[in-house]
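Numbering (the numbering used here), first residue to last: 2 to 470.
In this text, a Cβ means the ideal position worked out from N, Cα and C, and glycines have one as well.
Structure record follows, encoded as structure tokens.
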Amino acid sequence: MTDKRNPSHDPRRSLPSVDALLRDPTLHAMSIAADHTQLVAAARQALDEAREQITAGEDAPALKALAQRVGEIAQTGHAPIPLPVINATGVIINTNLGRAPLSEAALAAMRAVGGGYAALEYDLAGGERGSRNALAREALRLVTGAEDALVVNNAAAALLLILSALLPGDRREVIISRGQLIEIGGGFRIPDVLRQSGARLIEVGTTNRTRAADYAAAITSATGMILAVHPSNFRIVGFTESAPLGDLAQLAHDHALPLVHDQGSGCLLDLTQFGLAAEPTPMQSLAAGADLVCFSGDKLLGGPQAGIILGKAASVQTLARHPLMRALRVDKVTLAGLIATVRHYQRGEALTHIPIWRMIALTAESLRARSAALAERLSVAGIAAGLQPGESAIGGGSLPGATLPTWHVALPAAAHGDLNALAKRLRLGRPPVIARVYRDHLLLDLRTVPPENDERLGDAIMRGVRGEK
Ligand SMILES: *Cc1c(COP(=O)(O)O)cnc(C)c1O
2 MTDKRNPSHD
12 PRRSLPSVDA
22 LLRDPTLHAM
32 SIAADHTQLV
42 AAARQALDEA
52 REQITAGEDA
62 PALKALAQRV
72 GEIAQTGHAP
82 IPLPVINATG
92 VIINTNLGRA
102 PLSEAALAAM
112 RAVGGGYAAL
122 EYDLAGGERG
132 SRNALAREAL
142 RLVTGAEDAL
152 VVNNAAAALL
162 LILSALLPGD
172 RREVIISRGQ
182 LIEIGGGFRI
192 PDVLRQSGAR
202 LIEVGTTNRT
212 RAADYAAAIT
222 SATGMILAVH
232 PSNFRIVGFT
242 ESAPLGDLAQ
252 LAHDHALPLV
262 HDQGSGCLLD
272 LTQFGLAAEP
282 TPMQSLAAGA
292 DLVCFSGDKL
302 LGGPQAGIIL
312 GKAASVQTLA
322 RHPLMRALRV
332 DKVTLAGLIA
342 TVRHYQRGEA
352 LTHIPIWRMI
362 ALTAESLRAR
372 SAALAERLSV
382 AGIAAGLQPG
392 ESAIGGGSLP
402 GATLPTWHVA
412 LPAAAHGDLN
422 ALAKRLRLGR
432 PPVIARVYRD
442 HLLLDLRTVP
452 PENDERLGDA
462 IMRGVRGEK
């Protein structure tokens, strides 16, 4: 029972124990075909849900309702999966929301191989074992012109594999600029990943300026590699200098060392057409002389989570034969989705078929029209909403500071009260809506909402504003 007279009393503490729930006659009356372990798990989930509801400001559910919910969960096998959400933040590549939404073709390819068997590592002509990497390799080579290609679990795995496989035992020093020792989010720092391989990082230059001469001065008989890392998620402005990749390639090769470029976002298209600053492509890094380039599959490539390595065949083959490859390889579903995504580039249809590129390509005028329609619909329903010009972000540690002009549907605090509370109700609604609060408005950016979801978004906002589920 919730004691509402005593504000210091936490209603979450009034929830029943798992044992009490499992003894409840309501649950027994449902005659669920589940064993004790499954019922305990269902009870824990029902209690978690109840705590979440209470945190959201709702009353604690009655024992009978909770017991009923335990029965439902146990009956339907409702293991929690990540809920699909409507991303109205305007941040296109959002790591916390799962990075890149996939194209129809990628999803179809993943579905086709996921539900059955596939010639994944099987040579159909010979009826014998084949290479897991062969098809992705061909697709990536066709699009990038790289000599060779390899796919692993993510870009962090690519770095771990590259350093583990390419550094000779007696030359484990890797030279890296102090301006590129980055943390990529979630507390993960590139230097820590690199050290896992047994590499010793030799930091050169200063935070804002590193020249090729700084790298040259650090080369010793223990040097095994020069590493350039894209400072993806921050920007140093002002008095800055970094060594051009071409100069580093020259330096590395003069000393018979490999040059590796961790590119992070892996942008294959020209961003200047959208008014964004040019981003070096993996092809340009290879042309500048990098031996290997690595990047994520789920950032600007717009595919599933993967780490892609491109470069010289001899180096790539050394990686492919390394024992760690077995621990870092990807499954059939990822490979199918990745190859289907890469094919969009090959066919010149990336801008129209890959969701993140469609979002990047949306014009402010088209967003204004959709936003005006949504604001109008809300207004007609008696919900105060206006339009405001704003900026969408690429996000995901890609292109820091780069923004695209957009229009926000803006719900004013003057009409809606506590905007953080409203944002929370939207997050806890079904479907959850992720919005931003900025100063005295709650902002919704339709750039990251597929147009076919505009109506569902409108419905969800109405329910959130009215405090319904
Ligand atoms: C994002 C990023 C990574 C990590 O990529 P994951 O695919 O998430 O492992 C590594 N390096 C750079 C420069 C990045 O931007």
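For ligand 1, a non-hydrogen atom lies closer than 6 angstroms to the CB of Gly265. If you draw a straight line from the Cα of Val410 to the Cα of Gln389, it comes to about 7 angstroms. For the set Val86, Pro406 and Ala75, the Cα lying nearest the Cα of Val450 is the one of Val86. Distances from the CA of Gly265 to each of Gln306, Phe240 and Phe275 were compared; the closest alpha carbon is that of Gln306.
Looking at the DSSP output, Gly338 bridges to nothing. If you look at Asp215, you'll find it in the alpha helix (DSSP H) that goes Ala213 to Ala219. In the three-state DSSP reduction, His10 falls in the coil class, being neither helix nor strand. Our two residues, His442 and Glu53, have alpha carbons roughly 25 angstroms apart in a direct line.
Bridge partners of Asn88 according to DSSP: Ile435.
In the three-state reduction of the DSSP assignment, Val194 falls in the helix class, which pools H, G and I. Take Ile93, set aside five residues on each side of it, and the residues of its chain with a beta-carbon closer than 8 angstroms to its own are Ile357, Met360, Ile361, Ser393, Ala394, Ile395, Gly396, Gly397, Arg448 and Thr449, in chain order. Relative to ligand 1, the beta carbon of Ala157 is positioned inside 6 angstroms of a heavy atom. Pairing Ile310 with Leu151 gives a Cβ-Cβ distance under 7 angstroms.
When rounded, the separation of the alpha-carbon atoms in Asp299 and Ala321 is 21 angstroms. Ranked by Cα distance from Asp292, the first of Leu423, His345, Ala147 and Ala219 is Ala147. Under DSSP, Asp446 takes part in a beta bridge, and its partners are His409.
Annotation: the continuous alpha helix (DSSP H) that includes Gln318 extends over Ala314 to Arg322. Between ligand 1 and the CB of Ile227, the shortest heavy atom gap is not smaller than 6 angstroms. Using a C-beta cut-off of 8 angstroms, the region 109-123 makes contact with the region 322-339, since at least three inter-stretch Cβ pairs fall below that distance. Not one heavy atom of ligand 1 lies closer than 6 angstroms to the C-beta of His409. Within 6 angstroms of the C-beta of Ser297 there is at least one heavy atom belonging to ligand 1.
When only Cα atoms are considered, Val41 and Asp49 end up about 12 angstroms apart. His37 and Pro83 have their C-alpha atoms spaced approximately 25 angstroms apart.
Counting only runs of 4 or more residues that sit fully inside the region 333-378, the alpha helix (DSSP H) segments are 333-347, 351-354 and 356-362, in chain order. In the DSSP assignment, the residues bridged to Asp149 are Gly312. Judged by DSSP in its simplified three-state form, Val261 adopts strand. Linking His345 to Ala219 through their CA atoms gives a straight-line distance of about 43 angstroms. In the DSSP annotation of this structure, Glu392 is not part of any alpha helix (DSSP H); the continuous beta strand (DSSP E) holding it starts and ends at Gly387 to Ala394.
About 6 angstroms separates the beta carbons of Leu252 and Ala217, which is inside the 8 angstroms limit, making them a contact pair. The beta carbon of Thr282 lies closer than 7 angstroms to those of Cys268 and Leu269 in the same chain, with the five residues before and after it left out. In the assembly as shown, Leu168 is a buried residue. Its beta-carbon has 16 or more other beta-carbons within 10 Å. Rounded to the nearest whole angstrom, the C-alpha separation of His231 and Pro433 is 33 angstroms.
Residue pairing by DSSP places Tyr123 opposite Arg130 in a beta bridge. No residue range can be given for Gly180, since it is assigned to no beta strand (DSSP E) and is classified by DSSP as neither H nor E.
Annotated three-state conformation of Thr404 is strand, per DSSP. Cβ neighbours of Ser380 within its own chain (closer than 8 angstroms, five residues either side excluded): Ala386.
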